[in-house]
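The sequence shown lines up with residues -18 to -1, 1 to 194 when you count with mature numbering (1 follows the signal peptide of the UniProt record, and there is no 0).
Below is one structure, written out as structure tokens; the observations come after it.
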Amino acid sequence: MKKVLFISFLLLQFGVNAQQDTPWSFGIEFSIDNLSVSSDSDGMDNILMEGGNAYEIEFDQNNYSLGLKTNYYFTEKLMLSFGILYANKDFTGAYHACFLCNIPSTPLLEIIEQRFLVVPVSFNYSLLTGKLKPTLTGGLKNNFEVKNTIRIKSKGYFLEAFVGGSLYYDFLENFGAGIGYKYQAAITSLYKADKFKLRTNSFFLKINYHIK
């Protein structure tokens, strides 16, 4: 984890300090993230725990991500993007003791705080050149856990794949901004005993500075 973050930090610094006329840009990205799960346990969104205990979960918290992104342009249309983001993936959990025992009980409601450092890597392709650029994107997000208040031990890391699109506009010679959408799907699990994969509908805003 430390090595990945250190390498990403060096790459970000290199992008910021690159000389003039280099194919680099850097900026800020903010997203609002709507979370859900793809469940195979009778339509119920839950995290199964050791001993038959479980959380029934509801994604009713305000989740977001914020961080720095750096872009390297191979051509005017194709670029590699990477960065470091801070993200929360909180939810309300109804904790059931002996969930599988069919014993009537009153669940305990808890707000579960899940916080991550996220290292995204993606390829972006602009469909047009000029000031206005519709862009397609696809890549991976490495999620490193920094805080988790759930009662079950997690793996501390999970991987997501994402695809999406955005509309980007260069409003000044060195500055541009864009809005867009990403669909994210977990391809590894955060918990050993879970029966679902996290899904995210992400709506984002980004502002970039182009080094020229």
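We put the CB at the ideal spot given by N, CA and C, even for glycine.
C-alpha gap between residue i and residue j, whole angstroms
i, j, result
"Y55", "I193", "11 angstroms"
"Q43", "S18", "11 angstroms"
"I66", "N45", "17 angstroms"
"S7", "N53", "5 angstroms"
"A159", "K188", "6 angstroms"
"N106", "F126", "23 angstroms"
"E11", "G120", "16 angstroms"
"Y191", "N130", "34 angstroms"
"T170", "K123", "11 angstroms"
"F153", "Y163", "20 angstroms"
"S13", "S184", "6 angstroms"
"T182", "G146", "12 angstroms"
"L99", "L114", "31 angstroms"
"S136", "T88", "25 angstroms"
"L110", "F41", "37 angstroms"
"F157", "P5", "14 angstroms"
"I161", "F186", "6 angstroms"
"M61", "C83", "53 angstroms"
"P116", "D15", "21 angstroms"
For residue i, the residue or residues it bridges with in DSSP
i, result
"V97", "Rather than Val, the amino acid found at residue 97 in this sequence is Arg. Answer is N70 and K129."
"A79", "According to DSSP, which records beta bridges pairwise, A79 is partnered with nothing at all."
"L109", "Looking at the DSSP assignment, L109 forms no beta bridge with any residue, so it has no partner."
"I10", "L50 and I189"
"Q166", "F144 and T182"
"F157", "Y191"
"N45", "D15"
"I134", "In DSSP, I134 forms no bridge with anything."
"F64", "T52 and V103"
Residue of the options minimising C-alpha distance to residue i
i, options, result
"L50", "Q43, E40, A69 and Y37", "A69"
"Y150", "G112, D15 and P5", "G112"
"V128", "I189, I39 and K71", "K71"
"S47", "R97, T131, S171 and T57", "R97"
"V103", "S63, T170, G146 and I14", "S63"
"A79", "A36, T117, E92 and S171", "A36"
"V101", "F186, L141 and G34", "L141"
"L91", "I161, L154, T117 and R133", "R133"
"E95", "Y77, F73 and L110", "F73"
"A143", "S136, F157, Y165 and I161", "Y165"
"I93", "L109, C83, S108 and A76", "A76"
"K59", "F186, L118 and K135", "L118"
Buried or exposed (CB count within 10 angstroms, at least 16 for buried), residue i
i, result
"G138", "exposed"
"A168", "buried"
"G9", "buried"
"L180", "buried"
"I29", "buried"
"G25", "The pLDDT assigned to G25 is 48, lower than 50, so where the model puts this residue is not dependable; a value taken from the coordinates is nonetheless given after this. Exposed is the call here."
"E155", "exposed"
"G34", "exposed"
"S148", "buried"
"I39", "buried"
"S20", "exposed"
"T57", "exposed"
"K174", "exposed"
"L172", "buried"
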